[in-house]
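Its first residue numbered -4, the sequence shown is counted upward by one per residue in the numbering used here.
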Amino acid sequence: MSKDKKIKSESALFSIFKHNWGILAALAVLFVFFSITSPTFLQANNLSNILQQISMLCVCSVGMTYVILAGGIDLSVGATLGMTGGVMAYLMTAAELPFGLAILIGVVMGIAAGVINGLLITCFDLPPFIVTLASSQVVRGIIFILTGGQSIYNFPKGFRVLGKSVFEIPVPIIIMILVIVVSCFILYKTKCGRYIYAIGGNMQASYLSGINTKLMTIFVYAFAGLTASIAAIIMDARLNAAAPTAGENYELNAIAAVVIGGTSMAGGEGKISGTIIGVLIIGVINNGMNLLNVSQGMQKVVLGCVMVIAVIMDMLRRRSEKK
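Printed below as a string of structure tokens:
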């Protein structure tokens, strides 16, 4: 490795620690706590299980990061995941289409759902909260109609490989890493990424500077739809089943991960690295509490408290910066 490349890699690593030291410390505390209270927590199988469990949420959260950075919100992510997963399942089983074609159609539908959200928001100047909340109901209704409210099982063997391991590396983890790498490249190395930060920071100023704010808004919602459909592929392949209720509350968990990771709900500020740490915190909390036999209800209480604390910290930080 050349000296310049080494300096760049070290500065990138330093930047991650500089901007995320607080949540990294919280993650470290959680690791220490659960390793003490549960002897199986640090076992390799359990750590691998955590990464596989968070792979779907991480992929969704990356898409949600784009939306929130641009000053929006997407409450349809979970429903889009459920719809695209159900459509792919239906096409592979009832319609007997090749799984590759079923995946392609599912992904296109996920992107289309995001594009429709973006068009409604930009063309009619509607609040993202209302648009995506309404679209989540429509999308969830579509999958219930398509499946008759029943789960679909037994997918082709080739498709199920996507939920297994290749050379002892779980494919869901590979997919998650690829999504993260591509997303980081777009956000940090292209004009598109700079425009996302710009419109989130100041939509009016971005428009006056020549940025096509409507197109960029449509793009971030389309990207969220894409990541939701990729998460659906992982979920279907891992479970070998698609339920009409799949993806419920994923949008809330994704928002929680993004906010915990330090992305401002006001837009224009945040990093994917923070979102990844936020996802890890949620995954570690859920896994650790499962090992300790903590009830699902209490897990939701804890996660809700963590999210509230993260939002309060974000508000306090922004207030201090204005002074």
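Backbone N, C-alpha and C fix where the C-beta goes; we use that ideal spot for every residue, glycine too. Computed from a predicted structure; not experimentally measured.
Original post:
Given a threshold of 16 other Cβ atoms within 10 Å of its Cβ, counted over all protein chains shown, does residue 266 qualify as buried or as exposed?
Top reply: Locating residue 266 in the sequence shown gives position 271, where the first residue counts as 1. Around the beta-carbon of residue 266, 16 or more other beta-carbon atoms lie within 10 Å, marking it buried.
Original post:
Does DSSP put residue 275 in a helix, a strand or coil?
Top reply: Along the sequence shown, read from residue 1 onward, the residue named residue 275 stands at position 280. Taken through DSSP and simplified to helix, strand or coil, residue 275 comes out as helix.
Original post:
Given a threshold of 16 other Cβ atoms within 10 Å of its Cβ, counted over all protein chains shown, does residue 69 qualify as buried or as exposed?
Top reply: The sequence position of residue 69 within the sequence shown is 74, counting from 1. With a 10 Å radius around the Cβ and a threshold of 16 neighbouring Cβ atoms, residue 69 comes out buried.
Original post:
residue 63 by DSSP, collapsed to three states: which one?
Top reply: In the sequence shown, counting from the first residue as 1, residue 63 sits at position 68. In the structure shown, residue 63 sits in a helix (DSSP, three-state: H, G or I).
Original post:
According to the Cβ coordinates, are residue 46 and residue 168 closer than 7 Å?
Top reply: Here residue 46 refers to the residue found at position 51 of the sequence shown. Here residue 168 refers to the residue found at position 173 of the sequence shown. A contact, by the Cβ cut-off of 7 Å.
**OP:** Using beta-carbon positions only, say whether residue 104 and residue 79 come within less than 7 Å of one another.
**Re:** In the sequence shown, counting from the first residue as 1, residue 104 sits at position 109. In the sequence shown, counting from the first residue as 1, residue 79 sits at position 84. Contact flag set, yes.
Original post:
Are there 16 or more other CB atoms within 10 angstroms of the CB of residue 56, so buried, or fewer, so exposed?
Top reply: Numbered from 1 along the sequence shown, position 61 holds the residue referred to as residue 56. Buried: at least 16 other Cβ atoms inside 10 Å.
Original post:
According to DSSP, is residue 167 helix, strand or coil?
Top reply: For this step, residue 167 is matched to residue 172 along the sequence shown. Helix.
Original post:
To the nearest angstrom, how far is it from the Cα of residue 102 to the Cα of residue 118?
Top reply: As a first step, residue 102 must be located in the sequence shown, where it is residue number 107. As a first step, residue 118 must be located in the sequence shown, where it is residue number 123. Cα to Cα, the separation comes out at about 24 Å.
**OP:** Please check if any C-beta of chain B sits within less than 7 Å of the C-beta of residue 77.
**Re:** Among the protein chains of the structure shown there is no chain B, as only one such chain exists.
Subject >> Between the CA atoms of residue 93 and residue 248 - distance to the nearest angstrom >> reply: Within the sequence shown, numbered from 1, the residue matching residue 248 stands at position 253. Within the sequence shown, numbered from 1, the residue matching residue 93 stands at position 98. Cα-Cα distance, rounded: 32 Å.
Original post:
Measuring CB to CB, does residue 71 end up less than 7 Å from residue 131?
Top reply: As a position in the sequence shown, residue 71 is number 76, starting the count at 1. As a position in the sequence shown, residue 131 is number 136, starting the count at 1. Between residue 71 and residue 131, the gap from beta carbon to beta carbon is short of 7 Å.
**OP:** With residue 112 as the anchor, note down where its alpha helix (DSSP H) starts and where it stops.
**Re:** Locating residue 112 in the sequence shown gives position 117, counting from the first residue. Start and end: 94 to 118.
Original post:
Got a sec? Which residues, its chain only, sit under 7 Å from residue 159 by beta carbon, not counting five neighbours each side?
Top reply: On the sequence shown, residue 159 is found 164 positions in, with the first residue counted as 1. Excluding its 5 nearest sequence neighbours in each direction, residue 159 has C-beta neighbours in its own chain below 7 Å: 166, listed in chain order.
**OP:** Count the other C-beta atoms from every protein chain shown that fall within 10 angstroms of the C-beta of residue 239, then say buried if there are 16 or more, exposed otherwise.
**Re:** As a first step, residue 239 is located in the sequence shown; it is residue number 244 there, counting from the start. Classification for residue 239: buried.
Subject >> Whole-angstrom C-beta distance between residue 18 and residue 255, which should lie under 8 Å >> reply: Here the question's residue 255 lines up with position 260 in the sequence shown. Here the question's residue 18 lines up with position 23 in the sequence shown. Between residue 255 and residue 18 a beta carbon distance of about 6 Å is seen, short of the 8 Å cut, so the two are scored as contacting.
Original post:
Under a three-way DSSP split, which group does residue 261 fall into?
Top reply: Locating residue 261 in the sequence shown gives position 266, counting from the first residue. Per DSSP, reduced to three states, the secondary structure at residue 261 is coil, with no helix or strand assignment.
Original post:
Can you give the Cα-Cα distance for residue 229 and residue 171, rounded to whole angstroms?
Top reply: Taking the first residue of the sequence shown as 1, we reach residue 229 at position 234. Taking the first residue of the sequence shown as 1, we reach residue 171 at position 176. Whole-angstrom Cα-Cα distance: 9 Å.
**OP:** Mark residue 246 as exposed unless 16 or more other C-beta atoms lie within 10 angstroms of its C-beta, in which case mark it buried.
**Re:** On the sequence shown, residue 246 is found 251 positions in, with the first residue counted as 1. Answer is buried; the Cβ neighbour count reaches 16.
Original post:
Taking the continuous alpha helix (DSSP H) assigned at residue 248, which residues delimit it?
Top reply: Numbered from 1 along the sequence shown, position 253 holds the residue referred to as residue 248. Here the alpha helix (DSSP H) through residue 248 covers 245 to 255.
Original post:
Under the three-state reduction of DSSP, which class applies to residue 241: helix, strand or coil?
Top reply: Counted from its first residue, the sequence shown places residue 241 at position 246. Residue 241: coil per DSSP, three-state reduction.
**OP:** Consult DSSP for residue 7 and reduce its assignment to one of helix, strand or coil.
**Re:** The residue labelled residue 7 in the question sits at position 12 within the sequence shown. The predicted position of residue 7 is uncertain, since its pLDDT is 49 and thus under 50; a value taken from the coordinates is nonetheless stated next. In the displayed model, residue 7 falls within a helix according to three-state DSSP.
Original post:
Quick one, are the C-beta atoms of residue 286 and residue 30 less than 7 Å apart?
Top reply: Translated into the one-based positions of the sequence shown, residue 286 becomes position 291. Translated into the one-based positions of the sequence shown, residue 30 becomes position 35. At least 7 Å separates the beta-carbon of residue 286 from that of residue 30.
Original post:
Using a Cβ-Cβ cut-off of 7 Å (strictly less than) and excluding sequence neighbours within five positions of residue 222, which residues of its own chain qualify?
Top reply: Here residue 222 refers to the residue found at position 227 when the sequence shown is read from its first residue. Around residue 222: 54, 55, 57, 58 and 174.
Subject >> Outcome for residue 123 when other beta-carbon atoms lying within 10 angstroms are tallied against a minimum of 16 >> reply: The residue you call residue 123 lines up with position 128 of the sequence shown. With 16 or more Cβ atoms within 10 Å of its Cβ, residue 123 is classed as buried.
Subject >> Residue from 150, 290 and 261 whose Cα sits closest to the Cα of residue 314 >> reply: In the sequence shown, the residue the question calls residue 314 occupies position 319. The shortest CA-to-CA distance from residue 314 to any of 150, 290 and 261 is the one to 261.
Subject >> Residue from 292, 312, 282 and 296 with nearest C-alpha to residue 28 >> reply: As a working note, residue 28 is residue 33 in the sequence shown. That would be 282, whose Cα lies nearest to the Cα of residue 28.
Subject >> residue 208 - containing alpha helix (DSSP H), residue span >> reply: Here residue 208 is taken as the residue at index 213 of the sequence shown, counted from 1. Looking at the DSSP string, the run of the alpha helix (DSSP H) that includes residue 208 is 208 to 234.
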